[in-house]
Each structure stands twice: as C-alpha cells, then as structure tokens.
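>
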Amino acid sequence: MTKPLAAPKGVYDVVGADSARWDALEARFYETAARYGYARVRIPVLEHTDLFVRSVGEATDIVRKEMYTFPDRAGRSLTLRPEGTAGMVRCFVEHSLDQQGLPWKASYGGAMFRAENVQRGRYRQFHQLGVEAIGVDDPALDVEVVTLGWDFLTGLGLADVTLLVNSIGRPEERTSYVGILGKYVEQTVPDLGPDDRERLKLNPLRILDSKDPRVQEALAGGPKLRESLGPDSLSHFEDVQSGLGALGVPYVVDDTLVRGLDYYTSTTFEYTSGALDAAQNALGGGGHYDGLVEMVGGPSLPGIGFALGVERILLACEAEDVLAPGGGVVDVIVLVAGDTGTVARLVVKELRDAGVKTDTAYGGRSLKAQFKHADRIGARVALVIGERDLDRGVITLRDLGSGEQVEIPVEETVQRVREVMDR
RNA sequence: GUGGCUGUAGCUCAGAUGGUUAGAGCGCCGGGUUGUGGUCCCGGAGGCCGGGGGUUCGAAUCCCCUCAGUCACCCCA
85 MTKPLAAPKG
95 VYDVVGADSA
105 RWDALEARFY
115 ETAARYGYAR
125 VRIPVLEHTD
135 LFVRSVGEAT
145 DIVRKEMYTF
155 PDRAGRSLTL
165 RPEGTAGMVR
175 CFVEHSLDQQ
185 GLPWKASYGG
195 AMFRAENVQR
205 GRYRQFHQLG
215 VEAIGVDDPA
225 LDVEVVTLGW
235 DFLTGLGLAD
245 VTLLVNSIGR
255 PEERTSYVGI
265 LGKYVEQTVP
275 DLGPDDRERL
285 KLNPLRILDS
295 KDPRVQEALA
305 GGPKLRESLG
315 PDSLSHFEDV
325 QSGLGALGVP
335 YVVDDTLVRG
345 LDYYTSTTFE
355 YTSGALDAAQ
365 NALGGGGHYD
375 GLVEMVGGPS
385 LPGIGFALGV
395 ERILLACEAE
405 DVLAPGGGVV
415 DVIVLVAGDT
425 GTVARLVVKE
435 LRDAGVKTDT
445 AYGGRSLKAQ
455 FKHADRIGAR
465 VALVIGERDL
475 DRGVITLRDL
485 GSGEQVEIPV
495 EETVQRVREV
505 MDR
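In the numbering used here, the protein residues as written are 85 to 507.
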C-alpha cells in the first residue's frame, strides 16, 4: 500500500450532486450573459507575472502575498491568475479587439488562485464567473453590467441579495481625497492600531473598512469621498443610480465601498448575501477600470465588469434552499437476466443513440442486486432483458417510480421508454 | 500570515478519570425470494483512531511537532 495522498490545502474536488449544481449554475450564467449580448471567451490560467503586478497593483494584498508565482523553464516569471479582469483586458489588447466594434462585451469563468488561508467560502483555488464590457464610457453600460449580475443572482431564486454601489471617482480625485482623509484620521485618532496604520500607508482608501470603532466614529463625521468628486464623476454616478432605478433594480449606496484592486475607478459595486456569514458574505463585485487597458499596452479605453464567486453563490443557494439538483444521472437502466448480455448491450446502444441517458448493470450480479443498483442511481425505468422473455421476442419494462411493469416487444423499446419518460 | 476549536468505518458520531479482541446508526456487499428495487428479517466486509515523535508496564485518550478542516482576524470571490 502506498501512502494515501490528499488534495493540497485549499483545493478540493466537486463530486456528485455538487457537480451537477455547479454545471447548472454555470449554464445559467452563460445563458444570462448571452441574453445581454456577452459572448463567452476562454483565456488562460497562466499569465506573465508582470500583468498582475501592473494591473492589480503592487500595493494590494493579492500581489504582495497571495500570488502563485514561479519561474518557467526558461526563467520567465509566470503566475496562476488571481483574478480574471487582467487577463481579459490583455486578451482584448493582444487581439486588437477594439477594431471589431465597441464595446467589446464578453463573459468568462474558471479557476482563480490565491494563496490565502482557507475558510468556508474561501479557497486557494476558487472559481469565478464574470463579464467585461470594454471601450465605451456610458453610464447606461454600467447599468447594464450591474443589472446582468443582479438578474443572474435573483434569477437563481436568491432572495436575500443586496446590491451595493458607490463611486470612487477618478484617480486624481481620489488622490486629493486620500490626502485629506489621511490627515483627518491621524489627527482625530492619533493612536491608530497597526492594521489601520498599515492601511493608511499602503492603500489609504481602505481605512474606510476599519474595524476600529473609534475610527469608524471619526469617519462618520469626517470628509466624504463624494465631496472630492468633480462634476463629471458625480453626474456619471447619478446617471447610474437613476438608470438602475428606472429598471427597478434595488440598490444601496454605500460610500465606504472600496474594492481591493488598484485598477478600479468611478463606479464600484458589490453583491452581498444576507444568507451567508457576515465575514464571507460577498457574492461578487466589480467596477469601472478606466486606465487599465492603456496600462496593459492598449488604447486609452474605459472598461467595466464584475466577477462572481461560484463557491459563494453555491453556499448562498444552499442557505436559501434554491437551485436543487435535477434528476438522476441516467433515466434508463438495462438489466440482464440469464445469458442475454449481447442483446442487452445492443438495446443500451440503441437507447443511447436515440438520446436517452442509459446505463446497464455490469459484473454479472443477481437481478435483485441489479435492481438495487438501479434504485441507487436514480433510474426512472428498468428494462429487464430476460432469457425466457426473449424467446418470445419481448422484454420487461418496469417503471421504477410506480412499480408498474409490462412486457413489450423488443423492437418497440425506444418508443415505449419515451412514453414512460414523458408522463 | 496570526489566534481559537476540531480530526475515530464511505457518511454522521459514541468511546469519564490512560487498561484486554475500538462501537452504533446510516450506507455498502450477500442471503431470505435459483428473474424484480425502494419496506422487513438475517449475515458479512470495511479502522496503521489524520501523520510523526515522546511520556508510560500500557495511549484513540496525556505532551510536542506536523498535515487537514473549521471559526475569527487580515483580505476578498
């Protein structure tokens, strides 16, 4: 016996009904995105490290301590993507997709990697579904993107979802606010904790997330980001809000909503679930990224998008008891009684060719055991290919739901099975 | 990365103060029904008690380390 090997920390297998739910979730997402005109693209999991350092931002936790980075055999530094937007923008730039009509609207999904400590709803390999719309600056496009995510989440049956929106303005507006804010906080709360001191140094806007009640109290009476925004930013944000209102999408303005990636500008938003534990309640989020395309080496074009966490959504669905897995793995199981294996396999093939999900019992076990197996895997119909019946040109069809059982001519198999399935 | 809690059969969990062959329920396999499941009855298989080291005559039980999970912080999906 070799030593049992387990999956590494923070990664896991998705098996059985969980996998079926996963498939259903993904299918719903891409279908929703397609209805909004977002076509699916597939981008690599591996990128040059520099892409993330430049786009996500050197000061972010992701880049500073959470990336899976390693040299390839030629010594180039590669990184397992910690998020999807950077790669999507790189794809857009690399293929000059701005030449194909703007905005470029695309959806994507897949595994992301961050070397964080593991918790429920937080893994080292986790999965996101997202969209990006690049090339046009129009508040109506913001509204479309935010609405798409909202439609998808609520369309799953989730009721306890809150949409938070904010505007963090242009970089220069933010810089001036950060200066005011930093001074204000330092003066009001001179003995800041180490966490907040670090925040102020590396990413001052995140002081707004402080857990220190004194800081929160000070912030309540302090300068607001909104007050540093220019008229363009303000009117853009107002248009977004009125656009959401016009479509009946409920939102909450949260002026402390600051996202952790450097490339965000202007509109930011987040979907949270009240059904999840407070610490891990974000289902997803996104925002505008107006300097990113240029930063990656493309033209100066704006973009907006979001990413949703598959694991978080699945957790929320579980908590709200929606997105129940559908039927069994197979509809029909073909059982063998006596020396009829050859005929049984032909019947199986015929059903499969006809598009019926079909399995059969292997291993030459007793009919009783075969029936138990049929029940176990959730088959709806059992066909018994029996030696005695076959002599008369018939097989036995049993409806496993009702227990009704009839003999049918073997050549009518597909047709009779369909009749049972349809009722 | 830091701290708390947890780790016994496929799953959920019992195993006071260390003491003989580590148990239950469910599940699985077989039989009762030589061709009939989901109910019932009977039987069986399946455990380096997460891993390593230590204390002890003796460790699932106590100590240390390690791995994994979980919760919180941090951060985010």
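Ideal placement from N, C-alpha and C gives every residue a C-beta, glycine not left out.
(1) Please state if the CB of T340 and the CB of P510 are separated by a distance shorter than 8 Å.
(2) What does DSSP give as the partner residue(s) for N250 in the beta ladder?
(3) Please state whether DSSP places D361 in a helix, a strand or coil.
(4) Going by C-alpha distance, which of D107, R124, V202 is nearest Q364?
(5) Counting only the same chain and skipping the five closest in sequence on each side, list residues whose C-beta sits under 6 Å from that of I397.
(6) Can you tell me where the alpha helix (DSSP H) holding M151 begins and where it ends?
(7) Mapping DSSP to helix, strand and coil, what is Y261?
(8) Could you spell out the range, first to last residue, of the beta strand (DSSP E) harbouring D483?
(9) From G358 to S180, what does the alpha carbon distance come to, in whole angstroms?
(10) So is K189 buried or exposed if we call it buried at 16+ other beta carbons inside 10 Å?
(11) Could you tell me whether the segment 306 to 318 touches the segment 329 to 336, where touching means 3 or more Cβ pairs closer than 8 Å?
(12) Nearest CA to the CA of R258: which residue from Q212, K308, L451, G241?
(13) Would you check if the segment 215 to 230 and the segment 397 to 408 touch, i.e. whether three or more CB-CB distances between them fall below 8 Å?
(14) What is the rounded straight-line gap between the Cα of V498 and the Cα of D226?
(15) What do you reckon, is the C-beta of T497 under 7 Å from a heavy atom of the ligand HEM?
(16) With distance defined between alpha-carbon atoms, name the residue in K295, T442, V229, G439 nearest to D280.
(17) Between the alpha carbons of V147 and L162, how many angstroms are there, rounded?
(18) Alpha carbons only, please: which of L345, D361, V394, L399 is nearest the one belonging to Y373?
(19) To the nearest angstrom, how far is the alpha carbon of Y355 from that of E395?
(20) Going straight from the alpha carbon of L338 to that of T246, what length do you get?
(21) Give the C-beta separation of A158 and F136 to the nearest angstrom, bearing in mind that I take them to be a contact with Cβ-Cβ under 8 Å.
(22) Starting from S191 and walking both ways along the beta strand (DSSP E), at which residues does that stretch end?
(23) Let's see if you can read the secondary structure: which residues bound the alpha helix (DSSP H) around L318?
(24) Is it buried or exposed, G241, if we count other Cβ atoms within 10 angstroms and call 16 or more buried?
(25) Using C-beta distances below 6 Å, list every residue in its chain close to V490, excluding the 5 sequence neighbours before and after it, in chain order.
(26) Which value, in whole angstroms, describes the spacing of the CA atoms of G381 and G375?
(27) Please go through the same chain and pick out, in chain order, the residues whose beta-carbon is closer than 8 Å to the beta-carbon of G266, but skip the five residues on each side of it.
(28) So for P274, helix, strand or coil by DSSP?
(29) Run through DSSP, which three-state label would V245 get?
(30) If we count the other Cβ atoms within 10 Å of its Cβ and call it buried at 16 or more, is R476 buried or exposed?
(31) In or out: R105 buried (at least 16 other Cβ within 10 Å) or exposed?
(32) Is H457 helix, strand or coil when you go by DSSP?
(33) Please list, in chain order, all residues of the same chain as V414 whose beta carbon is under 7 Å from its beta carbon, the five residues on each side excluded.
(34) P128: buried (16+ other C-beta within 10 angstroms of its C-beta) or exposed?
(35) Are there three or more Cβ pairs, one per stretch, closer than 8 Å when the segment 108 to 123 is compared with the segment 138 to 156?
On the basis of the coordinates in this document:
(1) Given a span of 85 to 507 for the chain in the structure shown, any question on residue 510 remains unanswerable.
(2) Start at 1 with the first residue of the first sequence, and residue 250 comes out as number 166. In the DSSP output, where bridge partners are listed per residue, N250 has T352.
(3) Here residue 361 refers to the residue found at position 277 of the first sequence. DSSP, read as helix, strand or coil, puts D361 in coil.
(4) As a first step, residue 364 is located in the first sequence; it is residue number 280 there, counting from the start. Across the set D107, R124, V202, the C-alpha of V202 shows the shortest separation from the C-alpha of Q364.
(5) For the purposes of this step, residue 397 is identified with residue 313 of the first sequence, where counting begins at 1. L367.
(6) Stepping through the first sequence from its first residue, residue 151 is reached at position 67. Looking at the DSSP string, M151 is not in any alpha helix (DSSP H), and its letter there is neither H nor E.
(7) Your numbering for residue 261 matches position 177 in the first sequence. If DSSP states are grouped into helix, strand and coil, Y261 belongs with the helices.
(8) Indexing the first sequence from 1 puts residue 483 at position 399. In the DSSP assignment, D483 falls within the unbroken beta strand (DSSP E) covering 478 to 483.
(9) Along the first sequence, one-based indexing puts residue 358 at 274. Along the first sequence, one-based indexing puts residue 180 at 96. Between G358 and S180, the C-alpha separation is close to 41 Å.
(10) Working through the first sequence from its first residue, we reach residue 189 at position 105. That one is buried.
(11) Contact between the segment 306 to 318 and the segment 329 to 336 is absent, because fewer than three Cβ pairs lie under 8 Å.
(12) If you number the first sequence from 1, residue 258 lands on position 174. Measuring from the Cα of R258, the nearest candidate turns out to be K308.
(13) The segment 397 to 408 is not in contact with the segment 215 to 230.
(14) If you number the first sequence from 1, residue 498 lands on position 414. If you number the first sequence from 1, residue 226 lands on position 142. Each residue's Cα considered, the two are about 51 Å apart.
(15) As far as ligands go, the structure on display features none, and thus does not contain the ligand HEM.
(16) On the first sequence, residue 280 is found 196 positions in, with the first residue counted as 1. Out of K295, T442, V229, G439, K295 has the C-alpha closest to the C-alpha of D280.
(17) Translated into positions along the first sequence, residue 147 becomes position 63. Translated into positions along the first sequence, residue 162 becomes position 78. Answer to the nearest angstrom: the Cα atoms are 13 Å apart.
(18) Reading the first sequence from its first residue, position 289 is the one you call residue 373. With respect to the C-alpha of Y373, the residue from L345, D361, V394, L399 having the closest C-alpha is L345.
(19) Locating residue 355 in the first sequence gives position 271, where the first residue counts as 1. Locating residue 395 in the first sequence gives position 311, where the first residue counts as 1. If you draw a straight line from the Cα of Y355 to the Cα of E395, it is about 14 Å long.
(20) Here residue 338 corresponds to residue number 254 of the first sequence, with the count starting at 1. Here residue 246 corresponds to residue number 162 of the first sequence, with the count starting at 1. One point to set straight first is that residue 338 is Asp, not Leu, in the sequence displayed. Distance between the alpha carbons of D338 and T246: 11 Å.
(21) For the purposes of this step, residue 158 is taken as the residue at position 74 of the first sequence. For the purposes of this step, residue 136 is taken as the residue at position 52 of the first sequence. Not a contact, Cβ separation roughly 19 Å.
(22) In the first sequence, the residue the question calls residue 191 occupies position 107. It spans 188 to 197 - the beta strand (DSSP E) in which S191 sits, taken as one unbroken run.
(23) Numbered from 1 along the first sequence, position 234 holds the residue referred to as residue 318. 315 to 331 is the span of the alpha helix (DSSP H), which, as asked, contains L318.
(24) For the purposes of this step, residue 241 is taken as residue 157 along the first sequence, with counting starting at 1. G241 comes out exposed.
(25) By one-based count along the first sequence, residue 490 stands at place 406. So the list reads L481, once near-sequence residues are dropped.
(26) Numbered from 1 along the first sequence, position 297 holds the residue referred to as residue 381. Numbered from 1 along the first sequence, position 291 holds the residue referred to as residue 375. Rounded to the nearest whole angstrom, the CA to CA distance from G381 to G375 is 10 Å.
(27) Your numbering for residue 266 matches position 182 in the first sequence. The residues L284, P288, I291, in chain order, have a CB closer than 8 Å to that of G266 in the same chain once the five nearest residues on each side in sequence are set aside.
(28) In the first sequence, the residue the question calls residue 274 occupies position 190. Residue state, collapsed to three classes: coil.
(29) Mapped onto the first sequence, residue 245 falls at position 161. Residue state for V245 is assigned as strand, using DSSP reduced to three classes.
(30) Against the first sequence, residue 476 aligns to sequence position 392. Counting Cβ neighbours within 10 Å, R476 comes out exposed, since fewer than 16 surround it.
(31) Position 21 of the first sequence, counted from the start, is the residue given in the question as residue 105. So R105 counts as buried.
(32) Within the first sequence, the letter at position 373 stands for residue 457. In this structure, H457 counts as helix in the three-state DSSP scheme.
(33) Along the first sequence, one-based indexing puts residue 414 at 330. A distance below 7 Å between beta-carbons, with the five flanking residues on each side excluded, links V414 to the following residues of its chain, in chain order: K441, T442, D443, I461, A463.
(34) Walking along the first sequence from the start, residue 128 turns up at place 44. Under this definition P128 is an exposed residue.
(35) Contact between the segment 108 to 123 and the segment 138 to 156 is absent, because fewer than three Cβ pairs lie under 8 Å.
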